[in-house]
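The block underneath contains the structure these notes are about, expressed in structure tokens.
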Amino acid sequence: MQTSPDRHEYPAHWEADVVLRDGGTARVRPITVDDAERLVSFYEQVSDESKYYRFFAPYPRLSAKDVHRFTHHDFVDRVGLAATVGGEFIATVRYDRIGPDGTPASAPADEAEVAFLVQDAHQGRGVASALLEHIAAVARERGIRRFAAEVLPANTKMIKVFTDAGYTQKRSFEDGVVRLEFDLEPTDRSLAVQYAREHRAEARSVQRLLAPGSVAVIGAGRTPGGVGRSVLGNIRDAGFTGRLYAVNRALPEERKELDGVPAHRSVRDIDGPVDLAVVAVPAEQVPEVVAECGEHGVQGLVVVSAGYAESGPEGRERQRALVRQARTYGMRIIGPNAFGIINTSPRVRLNASLAPEVPRPGRIGLFAQSGAIGVALLSRLHRRGGGVTGVTGVSTFVSSGNRADVSGNDVLQYWYEDPDTDVVLMYLESIGNPRKFTRLARRTAAAKPLVVVQGARHGAAPQGHAVRATRLPHATVSALLRQAGVIRVDTITELVDAGLLLARQPLPAGPRVAILGNSESLGLLTYDACLAEGLRPHPPQDLTTAASAEDFHAALSRALADDRCDAVVVTAIPAVGEGSVADAALAQALRSAAAAAPAKPVLVVHVELGGLAEALSAAASTAPQFEADRPAPPAFDPASATARPPAEAPEGAHLIPAYPAAERAVRALGQAFAYARWRRDAADPGKVPEYDDIDVKGAAALIDGLLARGQGLTLGTDATCDLLGHYGVHVHRALPAPTADAAAQAARALGYPVALKATAPHLRHRADLGGVRLDLADEEQLRRSYAELTELFGAPDELRPVVQRMAPRGVDVVVRAVIDPAAGAVLSFGLAGAASQLLGDTAHRLIPVTDREASSLVRSIRTAPLLFGWRGSAPADTGALEELLLRVSRLVDDHPEVVAVTLEPVVVAAHGLSVLGASVRLAPPPARDDLGPRTLPAY
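If you want it as structure tokens, here you go:
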């Protein structure tokens, strides 16, 4: 490590693991004097052509002077980074700060020359693009604002790396060399490019795990039983389409098979590549296994072994070492302590899990951090009887265990474009990076439904999970997820209920629900449930208990043909003495009517009708059919219906989910309607408006000056007003009144009428305690009120009284913004007062907020009617309120140093508003992982 006095301390925070375009991983780190031999070895493996492109001349080997130059950096004006796999260099990048004349320089020069070299064997993996992101972030940290690069015209790959990065750039051609200059300030395009590359890389890394061409189970026991032998049998019995191997170091030399599967003592003994290794050996043996897998070129690991972070501090260190070791070889890990993975695609048929049966193929992607919950979900989706009945299929299943590496974020990247997955169901006990999860969830939900149930809501995350601390309550995090399009449910029963509906039926176009059935009471229960879920039900249509299958068919057909109906709930109770034949007739009647109007969802509430539930949902998969591919619905024929067994369904049948309770069916329908409405709104999310009077540079200069005084501080009144003023937020100044004479002087300066307020912490914003006197018209009233306050609450130094000019009457509200370490920047809004605080009636949005989001924020609290003329009062100026919210959002988004803003109270009058109190806290800008270069979570 470098310790020379002319060099800065080694910047360990620049080290990072990245996922490359092909799904493999590499480590990015600064180059040091200890890397001389690695650099020489790396250079020897680079082709002459690549060397020529780098140095513009034949350059067969590095001289001692070159090696010294490329390994000695001050980490400020001269920086080199390397991408490594297995501890060896596969690519390098460096920058040298230059002055206006192009010669070496130091700060305040803000330009640097940058150059790359990538080993030929690793070109095309996206290594240079990843290194550019990281070297650009380092340069910005060191005060460099612009890169220059000289490239030979024939080096089209490197020119493409620069031009595709999305930065604002200039290009020139002189003396046979292309000169590129580009600003390093992130742009919308550069961030979009970064996110797109992140998506492709992480999706590919998961795809390599879920669709391997060959699998080795390491730790498959010599005798039946045990975890490894069970997983081996499950993979074999599922009909895995690739090559399968068993590995056990204790196997006798002469034994070549286990259960008909080729067996070896080590993965290194296997001829040919191994894409995926399932590791089922004791934790203390895992490091040796990982090393063997890495040396053999295994691409990924599923570690089912336990004894890691879930077992305590020693296990946590063991888990960190496991991840570091696997990433050294470019491998990704599912687990440890994982239940396994499943892929039902006929092209793969992989059951690398402890589940003894493979779920039926279908269109639902399932993610569970807990193995036990994963088993429960697979069981519920697999069986026809019980809670929610009927055949339901799974496309892929991932149980991440301790999710030390591959997490729900990675799997979302894969499912977003997976053509075999239409609905995503996730059970999460923790969210390691909520900011990234929210971003990915918003994008996924715009294409396909994402349903989430979160465990450990009221306590700490499971011991095996490394999560960032958050100051936000669970209700706030849930609200932010819903705003991202996530369908938030509370139980795994609701998770399956919603998943079945979304996998089988179209989204409702509106909230209008028709209810029909053969039980008046069940219809009324459904009607009440619809009202409770915010739907608009029509009066239930009672077909009476004498209704036949033909009656149900006719009634459902009429309801679906009604333009005033967006969805239909059918309620059914069994007829006395009738069995599966009647169930089959009713099922075919409902399917036939629903198939004739496929644009509207249909749900069935049944009472002890197992046969009906089977018949309604019998099919080979949950795959929806496009109109062009859908066969014409068969005409309903009661005679043929009675002859059909309940478990059969005609080809292309319209699948109808059945529920054993009205509340469960209607809750799923309400969630589908809310999601459909979000999809429509998300198509036009609005924009972040520009305001001509916002002074970004002036605010930045003020913030820099204030932060120069210390690491973090709460601003005084004057500084708060000045900073907010740069963003067009004007605070009514409150003048201190330590004596009655000072109060009178302040009132004369401000002009009557005035308010007298106690600002002591126990009285601040507590008008209900009597610490505020309003509408004081003259000095006599002011002095009398001053005497009353001091008599009631104590001496002025305890009260901290202030005088403020009266604002127009209106509705008191509170606006807050905070940067949460996990969720990011959050804007909050609610009415002022104890009632709103007790009810928790506060709404939240992620910053930056668009104009449409600001409008919905104002209207989303339960007490919003008070702003819109409730009980004859004058409506408040909500336009001015929305503008205030947008200005505060811009302030926090433009300046990450602003970590907290509180405006309380804000009085919103009929025309305009008044900010009567404000506080701002500054701190050095927090790490913004989701906006920086791509990295995997650090270990």
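In our numbering, the protein residues as written are 3 to 941.
Glycine included, every Cβ here is placed at the ideal spot set by N, Cα and C.
Going by CA-CA distance only, name the one from A282, Q301, T170, K159 that's closest to N339.
Numbered from 1 along the sequence shown, position 337 holds the residue referred to as residue 339. Here the closest residue by C-alpha is A282.
May I ask you to report which of helix, strand or coil DSSP gives N520?
Within the sequence shown, the letter at position 518 stands for residue 520. Three-state result, N520: coil.
Contacting residues, own chain, Cβ-Cβ under 6 Å from R245 (five flanking each side not counted)
Against the sequence shown, residue 245 aligns to sequence position 243. Counting only Cβ-Cβ distances below 6 Å, and skipping sequence neighbours, we find S216.
Run of the alpha helix (DSSP H) containing Y729, from where it starts to where it stops
In the sequence shown, residue 729 corresponds to position 727, counting from 1. Element bounds for Y729: n/a, residue is neither H nor E.
I'd like to know whether the C-beta atoms of Q485 and R847 end up nearer to each other than 8 Å.
The residue you call residue 485 lines up with position 483 of the sequence shown. The residue you call residue 847 lines up with position 845 of the sequence shown. Yes, the pair counts as a contact, with Cβ atoms nearer than the cut-off.
Please classify P275 as buried or exposed, where buried requires at least 16 neighbouring CB atoms within 10 angstroms.
Looking up residue 275 in the sequence shown gives position 273. Answer is exposed; the Cβ neighbour count stays below 16.
For G228, which option in Y693, R199, S355, V81 has the closest C-alpha, if you only look at C-alpha atoms?
Position 226 of the sequence shown, counted from the first residue, corresponds to residue 228. Considering only alpha carbons, the answer is S355.
Tell me the residue span of the alpha helix (DSSP H) that contains S858.
Sequence index remark: in the sequence shown, residue 858 carries index 856 (1-based). Start and end: 853-861.
Classification of E90 by the beta-carbon crowding that lies within 10 angstroms, buried from 16 upward
Translated into the one-based positions of the sequence shown, residue 90 becomes position 88. E90 should be labelled exposed.
Run the CB neighbour count on F870, radius 10 Å, all protein chains shown included, and call it buried at 16 or more, exposed below.
Here residue 870 refers to the residue found at position 868 of the sequence shown. Flag for F870 reads exposed.
Does DSSP put T86 in a helix, a strand or coil?
Here the question's residue 86 lines up with position 84 in the sequence shown. Three-state result, T86: strand.
Strictly by DSSP, which residues pair up with I366?
For the purposes of this step, residue 366 is taken as residue 364 along the sequence shown, with counting starting at 1. According to DSSP, which records beta bridges pairwise, I366 is partnered with V396, V425.
Inspect the beta-carbon positions of E187 and R147 and report whether they are closer than 8 Å.
Mapped onto the sequence shown, residue 187 falls at position 185. Mapped onto the sequence shown, residue 147 falls at position 145. Their beta carbons are under 8 Å apart, which means E187 touches R147 by this criterion.
So for S875, helix, strand or coil by DSSP?
Residue mapping note: residue 875 aligns to position 873 of the sequence shown, counting from 1. Three-state DSSP puts S875 in coil, outside helix and strand.
Just to confirm before moving on: does the CB-CB distance between L518 and A557 stay below 8 Å?
Looking up residue 518 in the sequence shown gives position 516. Looking up residue 557 in the sequence shown gives position 555. In contact: L518 and A557 (Cβ atoms closer than 8 Å).
Is it the case that the Cβ atoms of P907 and G919 are separated by a distance below 8 Å?
As a working note, residue 907 is residue 905 in the sequence shown. As a working note, residue 919 is residue 917 in the sequence shown. Yes. Within cutoff.
Among I33, Y61, H476, whose alpha-carbon lies nearest the alpha-carbon of A825?
Numbered from 1 along the sequence shown, position 823 holds the residue referred to as residue 825. Measuring from the Cα of A825, the nearest candidate turns out to be H476.
Taking the C-alpha atoms as reference points, what is the distance between V48 and F242?
Within the sequence shown, residue 48 is the residue found at index 46, counting from 1. Within the sequence shown, residue 242 is the residue found at index 240, counting from 1. Distance between the alpha carbons of V48 and F242 is about 39 Å.
Determine the burial state of P576: buried for a count of at least 16 other Cβ atoms within 10 Å of its Cβ, exposed for fewer.
Numbered from its first residue, the sequence shown carries residue 576 at position 574. With 16 or more Cβ atoms within 10 Å of its Cβ, P576 is classed as buried.
I need the DSSP call for V698, collapsed to helix, strand or coil.
Working through the sequence shown from its first residue, we reach residue 698 at position 696. Here V698 sits in helix by DSSP.
If I follow the unbroken beta strand (DSSP E) through F554, where does it start and stop?
Here the question's residue 554 lines up with position 552 in the sequence shown. No beta strand (DSSP E) holds F554; the alpha helix (DSSP H) holding it covers 551-563.
In the DSSP assignment, the alpha helix (DSSP H) including G376 goes from what residue to what residue?
Taking the sequence shown and counting its residues from 1, the one referred to as residue 376 is at position 374. Segment 373-384, the alpha helix (DSSP H) holding G376.
Measure the alpha-carbon distance for D853 versus P436 and round it to whole angstroms.
As a position in the sequence shown, residue 853 is number 851, starting the count at 1. As a position in the sequence shown, residue 436 is number 434, starting the count at 1. Each residue's Cα considered, the two are about 23 Å apart.
Exposure of L452, with buried meaning 16 or more beta-carbon neighbours within 10 Å
By one-based count along the sequence shown, residue 452 stands at place 450. When all chains shown are included, L452 counts as buried.
Within a Cβ cutoff of 7 Å, which residues of the same chain sit near V350, ignoring the five residues on either side of it in sequence?
Within the sequence shown, the letter at position 348 stands for residue 350. For V350, where only same-chain residues beyond five positions count, the Cβ hits under 7 Å are A213, T243.
Following the continuous alpha helix (DSSP H) through E113, name the residue where it begins and the one where it ends.
By one-based count along the sequence shown, residue 113 stands at place 111. E113 -> not in any alpha helix (DSSP H); beta strand (DSSP E) instead, spanning 113-120.
Please state whether DSSP places E650 in a helix, a strand or coil.
Taking the first residue of the sequence shown as 1, we reach residue 650 at position 648. Low per-residue confidence applies at E650: pLDDT is 40, beneath 50, and the placement is therefore not dependable enough to give any value.
So what's R802 in DSSP terms, helix, strand or just coil?
If you number the sequence shown from 1, residue 802 lands on position 800. It is coil, neither helix nor strand.
Taking the CB atoms as reference points, tell me whether L211 and R127 lie closer together than 8 Å.
Locating residue 211 in the sequence shown gives position 209, counting from the first residue. Locating residue 127 in the sequence shown gives position 125, counting from the first residue. The answer is no: Cβ separation not under 8 Å.
Under the rule that 16 or more other beta-carbon atoms within 10 Å means buried, what is V400, buried or exposed?
Position 398 of the sequence shown holds residue 400. Per the 10 Å Cβ criterion, buried.
If the criterion is Cβ atoms closer than 8 Å, does the pair L915 and L868 meet it?
Looking up residue 915 in the sequence shown gives position 913. Looking up residue 868 in the sequence shown gives position 866. The Cβ-Cβ distance between L915 and L868 does not fall below 8 Å.
One question on the structure: do P850 and D822 come within less than 8 Å of each other, judged by their Cβ atoms?
By one-based count along the sequence shown, residue 850 stands at place 848. By one-based count along the sequence shown, residue 822 stands at place 820. Not a contact, by the Cβ cut-off of 8 Å.
For L133, I'd like the list of residues in its chain whose CB is within less than 7 Å of its CB, leaving aside the five on either flank, ordered along the chain.
As a working note, residue 133 is residue 131 in the sequence shown. Excluding sequence neighbours, L133 sits near V30, L83, A85, A93, V95, F118.
Counting Cβ pairs closer than 8 Å, one from the region 436-447 and one from the region 479-494, do we hit at least three?
yes
When D239, E135, Q171 are compared against P361, the one with the closest alpha-carbon
Your numbering for residue 361 matches position 359 in the sequence shown. Nearest C-alpha to P361: D239.
Return helix, strand or coil for T904, following the three-state DSSP convention.
As a first step, residue 904 must be located in the sequence shown, where it is residue number 902. For T904, the three-state secondary structure derived from DSSP is strand.
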